[in-house]
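Start counting the sequence shown at 27; every next residue gets the next number (the working numbering).
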Amino acid sequence: MCGIVGVASAGGDAERLAFAGVVSLQHRGHESWGLASRRRDGVAVRRELGFARWSPAGGEDAPAAAAIGHVRYSTTGASRIENAQPFTVAGERRRVAIAHNGNVTNAPALTAQLRAAGWTFRSTSDSEVILALLATAPGDAPDAVAAALERLEGAVTVVALVDGALLAFRDAHGFRPLVVGERDGMAAAASETCALDALGAGRQEGPAPA
Numbered sequence: 027m028c029g030i031v032g033v034a035s036a037g038g039d040a041e042r043l044a045f046a047g048v049v050s051l052q053h054r055g056h057e058s059w060g061l062a063s064r065r066r067d068g069v070a071v072r073r074e075l076g077f078a079r080w081s082p083a084g085g086e087d088a089p090a091a092a093a094i095g096h097v098r099y100s101t102t103g104a105s106r107i108e109n110a111q112p113f114t115v116a117g118e119r120r121r122v123a124i125a126h127n128g129n130v131t132n133a134p135a136l137t138a139q140l141r142a143a144g145w146t147f148r149s150t151s152d153s154e155v156i157l158a159l160l161a162t163a164p165g166d167a168p169d170a171v172a173a174a175l176e177r178l179e180g181a182v183t184v185v186a187l188v189d190g191a192l193l194a195f196r197d198a199h200g201f202r203p204l205v206v207g208e209r210d211g212m213a214a215a216a217s218e219t220c221a222l223d224a225l226g227a228g229r230q231e232g233p234a235p236a
């Protein structure tokens with residue numbers, strides 16, 4: 027299962043909105059939850075085991091232009107805090123935070139390749155493979171997404187902060203749902219329409235599979 031949500035807000039309240047989306051998706055996973063929020067001084071991250079509880083990642087009332095959230099139902103990797111999402115990294119090419127729903131079926135092969143190339147894994151989740159590919163791929167952010175999707179097999183639906191910009195994408199088969207919506211000054215993507223309803227975001231036609 028797992029639930030993911032991403033929000034970009036001109037009003038600077040993206041973290042609060044993303045948390046509301048996380049709560050609306052709590053039925054998709056109870057093992058852990060987390061938020062990653064773009065702030066003026068970087069990315070603030072909060073990850074905890076158990077049910078979602080409101081405590082802004084970067085302090086009360088700190089403005090956040092974009093944020094992503096995750097609730098976990100594990101299919102790969104043990105239910106431990108190091109496997110809680112979002113995952114974040116400041117790589118040589120770009121800073122990335124991701125929340126992922128799905129299973130990367132060729133994760134063992136990709137993990138071996140990335141380790142050989144010098145990547146140090148901090149979790150046992152296949153989602154970190156996606157993080158590594160996005161952080162190390164050449165080109166700009168859309169190029170990195172395209173390069174990652176060319177190498178990934180299985181079910182991949184992701185919301186991400188890449189150098190502070192909110193991105194949402196999924197695999198070519200669309201195995202896992204991804205819905206998008208907007209209202210004045212705010213755009214959102216999530217794994218279920220109930221998150222959009224919680225945010226008051228009108229539903230749009232989802233993005234075509236990459």
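Using N, Cα and C, we set each Cβ at its ideal position, and we do this for glycine too.
Given the structure is predicted, the values throughout are model-derived calculations rather than measurements.
Query, Result
"Rounded C-alpha distance that separates Asp210 from Ile94", "19 Å"
"Ala92 versus Arg141: straight-line alpha-carbon distance, rounded", "31 Å"
"Where Gly37 sits in the DSSP three-state scheme", "coil"
"Residue span of the alpha helix (DSSP H) that contains Ile156, given as start and end", "153 to 162"
"From Ala36, Asn109, Gly76, residue whose alpha carbon lies closest to that of Pro89", "Ala36"
"Chain-order list of residues whose beta-carbon lies under 7 Å from that of Tyr99 (same chain, five-residue window excluded)", "Met27, Cys28, Arg54, Gly55, Glu57"
"Rounded distance between the beta-carbons of Gly117 and Ala161, thought under 8 Å", "3 Å"
"Whole-angstrom distance between Pro134 and Ala173, CA atom to CA atom", "18 Å"
"Unbroken stretches of the alpha helix (DSSP H), 4 residues or longer, contained in the segment 41 to 85", "none"
"Local conformation of Ala133 per DSSP, three classes", "helix"
"Enclosing alpha helix (DSSP H) for Thr219 [first to last residue]", "219 to 225"
"Buried/exposed call for Arg72, threshold 16 Cβ in 10 Å", "buried"
"Where the beta strand (DSSP E) through Val182 begins and ends", "It is not in any beta strand (DSSP E) - Val182 carries neither H nor E in the DSSP assignment."
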